[in-house]
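Shown next, in structure tokens, is the structure this report addresses.
2 protein chains.
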Amino acid sequence: MQTIAKYIPDELDRRIIAHLRADGRASLAKLADALGVARGTVQSRLDRLMETGTLLGFTVRVRDDYDAQSVHAVMMIEVSGKSTTQVIRKLRGFPEIQALHTTNGNWDLVANIRATSLSDFDRVLREVRLVDGVANSETSLLLSSV
Amino acid sequence: MQTIAKYIPDELDRRIIAHLRADGRASLAKLADALGVARGTVQSRLDRLMETGTLLGFTVRVRDDYDAQSVHAVMMIEVSGKSTTQVIRKLRGFPEIQALHTTNGNWDLVANIRATSLSDFDRVLREVRLVDGVANSETSLLLSSV
DNA sequence: CAGAATGTTGGACAATATGCCCAGCCCTAA
DNA sequence: TTAGGGCTGGGCATATTGTCCAACATTCTG
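Quick mapping for you: the protein sequence lines, in order, are chains R and S.
Following full-length UniProt numbering from start to finish, the first sequence increments by one per residue and tops out at 146.
Following full-length UniProt numbering from start to finish, the second sequence increments by one per residue and tops out at 146.
Encoded structure:
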């Protein structure tokens, strides 16, 4: 087994992240301007933050009540063999998978799924189960928040 | 006072949002390509989604342990008999339970748990299992966001 | 200490992406 | 039928990105 040293963001990294949290689509030029550093610096920092996994990606903030009429579920996934990394890469391609976590115990991955309709949801489930390396899965539809 | 009619996103809006959730920095051209519509369409839709407040803004997804080292888990709960309502009431009293959903299938409830330490987490698990009406449970520690 | 490695800077450049405009087309409501 | 709204494909100027580079400062290392 290999020990992966976690990248520790420094002051500048944190300022970049703070700005991106407020505006995830800010251009590198604007960020560099706001932070008082060269554009290339922001660019390389951002690359590194992504490579090291400190930043997982970019997303959009949606109004709270947006998901009212959507299908929400949690899917537990068992991965066969050592293909976890590949499976993760594949699953990250599903826009319906809102969050993806590794886990311990009976399962290997926990996915948060959101689809726009039951048929859409059904399609996603089928597709996920067809992903190479997905050995088994168990899905719980979240019916209501209580 | 003026009544603001809430803008109702249609199918295309929702597909745009789904993609942006997966990649908030995707270019309009790529989105248009992926969705099979003209770039101008995506551009005007996105403008409208922002103007109407359906979309609140863009942000970055940061690795879980960036802010604090907290323990995050999802707990599947089976309730015995017809005591679901009572169990829910009890569980809602746990500050560590961030979200609680009813569900179908093998389990009755899905709880999102966040604790500040492993020992704290352990305490919560024990207490939940002691709640009257909780017949069975299965907890998956979420190790990392991927 | 000297040299190497790393990071930042300012600048350059081509390739992309954006913002804005247009005319034409289709559909729906009046 | 007419008007309005939305989508399309296109054009065009500007902004942004990805990628280099040489120069300089700082840190690490033997």
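C-beta atoms are modelled at their ideal positions from N, C-alpha and C, and glycine is treated no differently.
Query raised in the report: Quick one, which of Ala38/R, Tyr7/R, Ser27/R, Gly57/R has its alpha-carbon nearest Ala22/S's?
Result: Gly57/R
Report task. Using 10 angstroms around the beta-carbon of Thr85/R, count the other beta-carbons present and answer buried if the total reaches 16, otherwise exposed. Result -> exposed
Query raised in the report: Could one say the Cβ of Arg114/S lies closer than 8 Å to chain R's Cβ atoms, at least one of them?
Result: no
Query raised in the report: Mind listing which residues of the segment 114-135 of chain R have their C-beta closer than 7 Å to chain S's C-betas, in chain order?
Result: Thr116
**Report entry** N-terminal and C-terminal residue of the beta strand (DSSP E) that Glu138/R is part of
**Finding:** 134-145
Query raised in the report: Within the 8 Å Cβ cut-off, does Met76/R reach chain S?
Result: yes
Query raised in the report: Under the three-state reduction of DSSP, which class applies to Arg63/S: helix, strand or coil?
Result: coil
Report task. Compare the C-beta of Ser27/R against all C-beta atoms of chain S and say whether one is closer than 8 Å. Result -> no
Requested in this report: Assign Ile8/S to one of three DSSP states: helix, strand, or coil.
Outcome: coil
Report task. For Asp47/S, go through chain R and note every residue whose CB falls closer than 8 Å to its CB, in chain order. Result -> By Cβ distance, chain R contributes nothing, its closest Cβ being about 13 Å from Asp47/S, past 8 Å.
Query raised in the report: Within the 8 Å Cβ cut-off, does Val71/R reach chain S?
Result: no
Query raised in the report: Do you know whose CA, among Ile77/R, Asp120/R, Val60/R, lies nearest Glu11/S's CA?
Result: Asp120/R
Query - Buried or exposed (CB count within 10 angstroms, at least 16 for buried), Ala135/R - result: exposed
Query raised in the report: What are the boundary residues of the beta strand (DSSP E) that Val110/S is part of?
Result: 109-115
Query raised in the report: So with Cβ pairs under 8 Å, would you call Asp10/R a contact of chain S?
Result: no
Query raised in the report: Just the Cα atoms here: how many angstroms apart are Ala34/S and Arg123/R?
Result: 18 Å
Query raised in the report: Nearest CA to the CA of Gly93/R: which residue from Arg14/S, Lys82/S, Val37/S, Leu20/S?
Result: Leu20/S
Requested in this report: Determine the extent of the beta strand (DSSP E) in which Val131/R is found, giving its start and end residues.
Outcome: Segment: none, Val131/R is in no beta strand (DSSP E) and carries neither H nor E.
Query raised in the report: How many Å lie between Ser140/R and Leu125/R at the Cα?
Result: 11 Å
Query raised in the report: On the three-state DSSP scale, how would you describe Gly81/R?
Result: coil
Report task. For Thr102/S, write down the residues that DSSP places opposite it in a beta bridge. Result -> Ser144/R, Leu109/S
Requested in this report: Please classify Val87/S: does DSSP put it in a helix, a strand, or coil?
Outcome: helix
Requested in this report: Can you tell me which of Ile97/S, Met50/S, Arg15/S puts its alpha carbon nearest to the alpha carbon of Val128/S?
Outcome: Ile97/S
Requested in this report: Spell out the partners DSSP gives Leu55/R in its beta bridges.
Outcome: Val62/S
**Report entry** Residue-chain proximity (Glu138/S, chain R), Cβ-Cβ < 8 Å
**Finding:** yes
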